[in-house]
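Let me begin by presenting the structure, written as structure tokens, before commenting on it.
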């Protein structure tokens, strides 16, 4: 029992460390390449912070525990919206551009509705997975094309200053690679 708790704790710590390295490296590289800050927030940071969930879900699916993958995704989305956004709004009220709400909220609702429809038959198969992946690619392209240079930064000034310290693309790439490796190990331990 104690060993299980230790493995769970170690896995969570490794996932947090891996995600942090991946987010910092990917954000620094994207900003260095001139990608708009909003695009960095909507794609690079979002995908990088979702990497621990992806690692755990893939590991669960490969080991035949599909319930872990599905529960992870649904629980994570509920937690991100209710807990993370709720706590952030409690700490400091957020100004949100109406243009962003009109563009992103319908897409989030559509993605949730799509998952609901795909799960109605009680199976999430390869074709369903391909459809969901195609949606992720389409969204990434949509976000990239829809962002303008005038968008407000999606990352905090403290995060911007941390990213600025990553002066070389080599360090950014090393953080990305190291973050991915730590995520894989963390998922296995978890």
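Numbering (my numbering), first residue to last: -7 to 182. Just so you know, even glycine gets a beta-carbon here, dropped at the ideal spot from N, CA and C. Quantities reported herein were computed from a predicted structural model and do not represent experimental measurements.
Quick one: is residue i buried, meaning 16 or more other Cβ sit within 10 Å of its Cβ, or exposed?
i	result
residue 201	Residue 201 is absent from the structure shown; the chain starts at -7 and stops at 182.
residue 114	exposed
residue 44	buried
residue 175	buried
residue 121	exposed
residue 59	exposed
residue 178	buried
residue -6	exposed
residue 23	buried
residue 49	buried
residue 162	exposed
residue 55	exposed
Leaving out five residues on either side along the sequence, give the residues of the same chain with a beta carbon under 8 Å from the beta carbon of residue i.
i	result
residue 84	none
residue 181	-1, 2, 3 and 6
residue 106	123, 124 and 127
residue 86	80
residue 91	none
residue 148	Its pLDDT being 49, under 50, residue 148 is placed unreliably in this model, and the value from its coordinates should be taken loosely. Same-chain partners within the cutoff: there are none.
With a threshold of 6 Å on Cβ separation, who are the neighbours of residue i within its own chain once the five nearest residues in sequence on each side are excluded?
i	result
residue 27	none
residue 70	none
residue 68	45
How many whole angstroms separate the CB atoms of residue i and residue j, which I take to be in contact at a CB cut-off of 8 Å?
i	j	result
residue 110	residue 116	6 Å
residue 167	residue 47	Incorrect: roughly 16 Å between the Cβ atoms, too far for contact.
residue 35	residue 104	Wrong, their Cβ atoms sit about 19 Å apart, outside the cutoff.
residue 171	residue 52	The Cβ separation is near 20 Å, so there is no contact.
residue 95	residue 138	7 Å
Can you give me the Cβ contacts of residue i inside the same chain, cut-off strictly under 7 Å, excluding the 5 residues immediately before and after it?
i	result
residue 169	none
residue 8	none
- Is there contact between the segment 5 to 24 and the segment 57 to 70, where contact requires at least three CB pairs shorter than 8 Å? No contact exists between the segment 5 to 24 and the segment 57 to 70.
- Task: Could you tell me which uninterrupted alpha helix (DSSP H) segments, each at least 4 residues in length, are contained entirely in the segment 43 to 124, listed from first to last along the chain?
- Result: Scanning the segment 43 to 124 from its first residue to its last, the whole alpha helix (DSSP H) runs of 4-plus residues come out as 58 to 70, 77 to 83 and 90 to 111.
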